[in-house]
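See structure below.
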Amino acid sequence: MRVGYQALVDEVSALLQAPATLEDREFSLIAFSSHDDDLDPVRTRSILSRRSSAAVRAWFEGFGIARADGPVHTPPDPATGVRSRLCLPARHEGRTYGYLWLLDDGTVDATDPRVAKAMSLAARAGRLLAAEFQADEAAPRAFARLLSASPEDRADGAATLSGMGHPAASSPIAVVVIRPTIRLTRVPMDVLVHHTAGGAALLVPLHEAADTVPARSTATRLLGTTPWVTVGVGGGRAGVVDAVGSWHEARTAWRVARAVPEVGPVACWDALGVHRLIASLPGAAPGAAVADPAVRPLFEDAHADLLRTAEVYLDHAGHAQQAAAALSVHRQTLYYRLSRIEAITGLAFDSGEDRLLLHTALKAARLAAVPDPM
Numbered sequence: 006m007r008v009g010y011q012a013l014v015d016e017v018s019a020l021l022q023a024p025a026t027l028e029d030r031e032f033s034l035i036a037f038s039s040h041d042d043d044l045d046p047v048r049t050r051s052i053l054s055r056r057s058s059a060a061v062r063a064w065f066e067g068f069g070i071a072r073a074d075g076p077v078h079t080p081p082d083p084a085t086g087v088r089s090r091l092c093l094p095a096r097h098e099g100r101t102y103g104y105l106w107l108l109d110d111g112t113v114d115a116t117d118p119r120v121a122k123a124m125s126l127a128a129r130a131g132r133l134l135a136a137e138f139q140a141d142e143a144a145p146r147a148f149a150r151l152l153s154a155s156p157e158d159r160a161d162g163a164a165t166l167s168g169m170g171h172p173a174a175s176s177p178i179a180v181v182v183i184r185p186t187i188r189l190t191r192v193p194m195d196v197l198v199h200h201t202a203g204g205a206a207l208l209v210p211l212h213e214a215a216d217t218v219p220a221r222s223t224a225t226r227l228l229g230t231t232p233w234v235t236v237g238v239g240g241g242r243a244g245v246v247d248a249v250g251s252w253h254e255a256r257t258a259w260r261v262a263r264a265v266p267e268v269g270p271v272a273c274w275d276a277l278g279v280h281r282l283i284a285s286l287p288g289a290a291p292g293a294a295v296a297d298p299a300v301r302p303l304f305e306d307a308h309a310d311l312l313r314t315a316e317v318y319l320d321h322a323g324h325a326q327q328a329a330a331a332l333s334v335h336r337q338t339l340y341y342r343l344s345r346i347e348a349i350t351g352l353a354f355d356s357g358e359d360r361l362l363l364h365t366a367l368k369a370a371r372l373a374a375v376p377d378p379m
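To get our numbering, take the position in the sequence shown, counting from 1, and add 5.
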């Protein structure tokens with residue numbers, strides 16, 4: 006418990022002669038006064054787990070405490086053993102940052118002069134919580150500026166993190182992209198998170214710019230068992246001022262993971278192989294049309310089987326038996342399809358240059374079908 010908050014809670018408890026607790030606006034416990042043995046289940050669980058459940062939060066917020074600018078009495082709930090409370094919103098400049106709670110059993114009159122004094126203490130708690138909130142938000146905002154197209158914004162973001170003494174400001178870093186959005190819990194203290202529409206970017210300090218293992222490990226830990234989420238890890242950079250480069254790489258790695266399932270769900274720029282080169286092609290940009298006119302006819306709906314056949318055959322380096330097995334077709338069916346592909350495109354599978362053109366165009370088109378995650 007933080008000493009400043011603890012003294013404040015003890016003062017409120019002594020003033021109103023009732024057990025008191027202070028929670029932030031997410032209902033995480035900050036400090037509590039001494040209690041007798043007559044605690045209700047909500048207070049007990051809050052102290053033991055350091056936070057209230059979503060159901061408890063919904064129950065109390067149903068009485069308008071998040072919008073109230075004065076004391077609010079909440080009634081008891083005999084069915085669950087919840088006692089009545091006096092809630093003193095901890096506000097600052099029109100925003101609620103937390104709550105001072107007193108187990109009062111309805112005995113404290115909101116018009117009591119002591120309550121007015123207690124509200125001044127709640128306002129002090131609101132100022133302290135607001136200052137902490139703003140400090141906590143400063144680093145993520147600086148990280149967001151690091152991803153700007155403006156060199157001035159990036160320099161400002163780097164200077165802010167350096168001035169705060171943030172660990173990322175003095176170490177190599179890598180950026181991680183996660184999408185879709187999930188609840189990120191157990192984020193390491195030195196990792197910054199910037200939430201975007203539908204996803205999040207993480208700034209992860211590294212031991213060495215060439216070693217992105219800490220970034221991959223952090224992403225894997227945060228994901229847990231969420232198979233529908235895809236992650237892209239950018240290459241390492243010597244300092245935060247170059248984070249935007251790693252961010253672009255992380256976005257590309259994410260798109261490759263979505264386009265090539267065998268790569269994902271965590272794809273690292275450093276391990277993308279040929280896909281790093283393909284991603285740089287104009288035809289691989291999000292939403293790009295198939296660039297090569299010879300390959301374009303294969304993308305007509307009527308030729309879906311031929312398109313799949315061409316990709317599988319080339320992925321297996323022209324090995325007919327392996328390709329036929331992967332497609333679950335007879336080899337004669339494979340040969341027939343290959344001849345149809347040659348006829349439609351004008352390309353020859355016995356030409357190394359034609360095979361390279363077809364394979365590259367197919368991979369670029371697959372990547373182009375995946376939108377940018379940010």
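Glycine is no exception: its CB is placed at the ideal position from the N, C-alpha and C atoms.
| query | result |
| --- | --- |
| Anyone know if the C-beta pair for residue 376 and residue 291 falls short of 7 angstroms? | yes |
| If you draw a straight line from the C-alpha of residue 217 to the C-alpha of residue 257, how long is it? | 16 angstroms |
| At which residues does the alpha helix (DSSP H) containing residue 338 begin and terminate? | 336 to 350 |
| Tell me where the beta strand (DSSP E) around residue 156 begins and ends. | Not the beta strand (DSSP E): residue 156 falls in the alpha helix (DSSP H), residues 156 to 169. |
| If you draw a straight line from the C-alpha of residue 220 to the C-alpha of residue 238, how long is it? | 7 angstroms |
| Can you name, in chain order, every residue of its own chain whose Cβ lies under 6 angstroms from the Cβ of residue 10, other than the five neighbours on each side? | 27, 35, 36 |
| What span of residues does the beta strand (DSSP E) with residue 236 cover, start to end? | 235 to 238 |
| Would you decide whether residue 223 is buried or exposed? Buried here means 16 or more other CB atoms lie within 10 Å of its CB. | buried |
| According to DSSP, residue 29 sits in a beta bridge with which residue or residues? | 103 |
| Using 10 angstroms around the beta-carbon of residue 380, count the other beta-carbons present and answer buried if the total reaches 16, otherwise exposed. | Residue numbering for the chain in the displayed model covers 6 to 379; residue 380 lies beyond these limits and cannot be assessed. |
| My output table needs one value for residue 179: the three-state DSSP class, helix, strand or coil. | strand |
| Helix, strand or coil, according to DSSP, for residue 371 in the structure here? | helix |
| For residue 311, list the residues DSSP reports as bridge partners. | DSSP lists no partner for residue 311. |
| Going by C-alpha distance, which of 127, 261, 104, 81 is nearest residue 57? | 104 |
| Within this structure, are the beta carbons of residue 261 and residue 286 separated by less than 7 angstroms? | no |
| Any idea if residue 379 is buried or exposed, counting beta-carbon neighbours within 10 angstroms, 16 or more meaning buried? | buried |
| Please state if the CB of residue 352 and the CB of residue 367 are separated by a distance shorter than 7 angstroms. | no |
| If I follow the unbroken beta strand (DSSP E) through residue 35, where does it start and stop? | 34 to 37 |
| Give me, in chain order, the residues of the same chain whose beta-carbon lies closer than 7 angstroms to that of residue 345; leave out the 5 immediate sequence neighbours on both sides. | 311 |
| Which residue from 108, 78, 155, 129 puts its Cα closest to that of residue 97? | 129 |
| If you compare alpha carbons, which of 80, 85, 99 is closest to residue 3? | One cannot answer for residue 3 here, as it falls past the ends of the chain, which runs 6 to 379. |
| Rounded to a whole number of angstroms, what is the C-alpha to C-alpha distance between residue 163 and residue 33? | 31 angstroms |
| The beta strand (DSSP E) with residue 199 in it runs from where to where? | 197 to 201 |
| Just confirm the distance between the C-beta atoms of residue 236 and residue 181, as a whole number of angstroms; I'd bet it's less than 8 angstroms. | 6 angstroms |
| Closest by CA to residue 148, which one among 117, 76, 316, 247? | 247 |
| Mind listing, in chain order, the continuous beta strand (DSSP E) runs of no fewer than 3 residues lying wholly within the segment 241 to 295? | 271 to 273 |
| If you draw a straight line from the alpha carbon of residue 63 to that of residue 78, how long is it in whole angstroms? | 16 angstroms |
| So residue 107 and residue 21 are supposed to be a Cβ contact under 8 angstroms. How far apart are they, rounded? | 6 angstroms |
| According to DSSP, is residue 149 part of a helix, a strand, or is it coil? | helix |
| Apart from the five residues on each side of it in sequence, which residues of its chain come closer than 8 angstroms, Cβ to Cβ, to residue 204? | 182, 183, 184, 185, 186, 378, 379 |
| Within 10 Å of its beta-carbon, does residue 199 have 16 or more other beta-carbons around it, so buried, or fewer, so exposed? | buried |
| Checking 7 angstroms against the spacing of the C-beta atoms, do residue 314 and residue 360 come in under that value? | no |
| In the DSSP assignment, what are the bridge partners of residue 209? | 179 |
| What does the Cβ neighbour count give for residue 282, buried or exposed, with the cut at 16 atoms within 10 Å? | exposed |
| Of the residues 270, 369, 76, 243, which one's Cα is nearest the Cα of residue 226? | 270 |
| Checking 7 angstroms against the spacing of the C-beta atoms, do residue 318 and residue 328 come in under that value? | yes |
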